[in-house]
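In the UniProt record's numbering, the protein residues as written are 1 to 345.
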């Protein structure tokens, strides 16, 4: 793809998200979501591989269905109340429909099936956009309507997503699918807490993006696609292997790493709201996710590949990709826990 076309697509992607985040009218929000979806489709299918074409088709169908539901719920609300404002969603059926539509956009269980398949068919760079930037517009709508969305639906979908994300990632060897199920689990945490504290939901999203970005960049840098590939990461960069391991454990929420902060504050808030059973379900389900992060960390740091590479010092060669974004993003993804007192809502 030519640089000019890539620039136009990235600009359209950014514009779509910004329109949705800045709008208070349902039609404008819907237009932003559509622009966002149409801009990423060529990026997903850029390689012209059948899997990439399949992934972009699945992405289009899912996002189009979710956008239609958003439009339908806003029309129902306008018919019942005469209002098109996002902040005045009063019809109960429209509230439930909107919650389901946003869950479908984000990839919350049980509407999560598209996310692992789309990520598996995309490149790692496209996958990075899908699990970070593409979550901003639906999450902005969810944060705008947090006190009008269906609370029971969100909490059920959130707790189910944490469990499905943990169970789904257990048997995977493809890293993109592991990352997809990890994304589903983290979105579950955000959806569960958004009705109780939207500040904590925003903190969860920020920390997830902050940790996922360097992890994906390090996998792109070392050209790692499967669990077995992790065993040869040390040949590409001896220093990157332990840093990637710590980023994975941080994503799992292991103290004293950055990923522990949002989970700690979320559980604390749920306990303060007398929701001990829900907090217990989330904490136990997270252990499933932590298991596959530990397994990946073990492959990365302790084991050696059964078929050693010809060159054991690839790190001496000049890297093909820029290491500056990864170098900047890695420290906060591991060392942000001391900032916890400043983050309390």
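Glycine residues also receive a C-beta, built at the ideal position from the N, C-alpha and C atoms.
All values derive from a computational prediction rather than experimental measurement.
Can you tell me whether residue i is buried or exposed, with buried defined as 16 or more other CB within 10 angstroms of its CB?
{"i": "residue 325", "result": "exposed"}
{"i": "residue 274", "result": "exposed"}
{"i": "residue 214", "result": "buried"}
{"i": "residue 263", "result": "buried"}
{"i": "residue 82", "result": "exposed"}
{"i": "residue 173", "result": "exposed"}
{"i": "residue 196", "result": "buried"}
{"i": "residue 51", "result": "exposed"}
{"i": "residue 260", "result": "buried"}
{"i": "residue 157", "result": "buried"}
{"i": "residue 231", "result": "buried"}
{"i": "residue 110", "result": "exposed"}
So what's residue i in DSSP terms, helix, strand or just coil?
{"i": "residue 85", "result": "strand"}
{"i": "residue 79", "result": "helix"}
{"i": "residue 112", "result": "coil"}
{"i": "residue 25", "result": "strand"}
{"i": "residue 226", "result": "strand"}
{"i": "residue 134", "result": "helix"}
{"i": "residue 344", "result": "coil"}
{"i": "residue 139", "result": "helix"}
{"i": "residue 34", "result": "helix"}
{"i": "residue 17", "result": "helix"}
{"i": "residue 120", "result": "helix"}
{"i": "residue 95", "result": "helix"}
{"i": "residue 323", "result": "coil"}
{"i": "residue 107", "result": "coil"}
{"i": "residue 90", "result": "coil"}
{"i": "residue 74", "result": "helix"}
{"i": "residue 257", "result": "coil"}
{"i": "residue 2", "result": "coil"}
{"i": "residue 47", "result": "coil"}
Alpha helix (DSSP H) containing residue i: first to last residue?
{"i": "residue 163", "result": "151-170"}
{"i": "residue 336", "result": "Premise fails: residue 336 is in no alpha helix (DSSP H) and is neither H nor E."}
{"i": "residue 289", "result": "276-301"}
{"i": "residue 235", "result": "233-236"}
{"i": "residue 189", "result": "175-194"}
{"i": "residue 198", "result": "198-221"}
{"i": "residue 145", "result": "Per DSSP, residue 145 belongs to no alpha helix (DSSP H) and is neither H nor E."}
{"i": "residue 268", "result": "260-272"}
{"i": "residue 242", "result": "240-251"}
Excluding the five sequence neighbours on either side, which residues of its own chain have a C-beta within less than 7 Å of the C-beta of residue i, listed in chain order?
{"i": "residue 165", "result": "181, 182, 184, 185, 188, 289"}
{"i": "residue 148", "result": "89, 95"}
{"i": "residue 28", "result": "19"}
{"i": "residue 45", "result": "52, 53, 56"}
{"i": "residue 222", "result": "233, 236, 237, 240"}
{"i": "residue 99", "result": "149, 150, 153, 154"}
{"i": "residue 12", "result": "35, 39"}
{"i": "residue 162", "result": "185, 188, 189, 282, 285, 286"}
{"i": "residue 117", "result": "55, 58"}
{"i": "residue 1", "result": "46"}
Straight-line CA distance for residue i to residue j?
{"i": "residue 112", "j": "residue 327", "result": "32 Å"}
{"i": "residue 17", "j": "residue 192", "result": "23 Å"}
{"i": "residue 10", "j": "residue 59", "result": "17 Å"}
{"i": "residue 283", "j": "residue 145", "result": "26 Å"}
{"i": "residue 226", "j": "residue 342", "result": "38 Å"}
{"i": "residue 21", "j": "residue 141", "result": "7 Å"}
{"i": "residue 255", "j": "residue 287", "result": "13 Å"}
{"i": "residue 220", "j": "residue 124", "result": "6 Å"}
{"i": "residue 268", "j": "residue 199", "result": "14 Å"}
Between residue i and the rest of its own chain, which residues show a CB-CB distance below 6 Å, the 5 nearest in sequence each way excluded?
{"i": "residue 105", "result": "66, 138"}
{"i": "residue 77", "result": "89, 91, 94"}
{"i": "residue 74", "result": "26"}
{"i": "residue 170", "result": "292"}
{"i": "residue 201", "result": "190, 193, 194"}
Below 8 Å CB to CB, which residues in the same chain sit around residue i once its five sequence neighbours on both sides are set aside?
{"i": "residue 247", "result": "211, 214, 215, 218, 330, 333, 334"}
{"i": "residue 301", "result": "241, 242, 245"}
{"i": "residue 131", "result": "119, 179, 180, 183, 212, 216"}
{"i": "residue 143", "result": "194, 198, 201, 202"}
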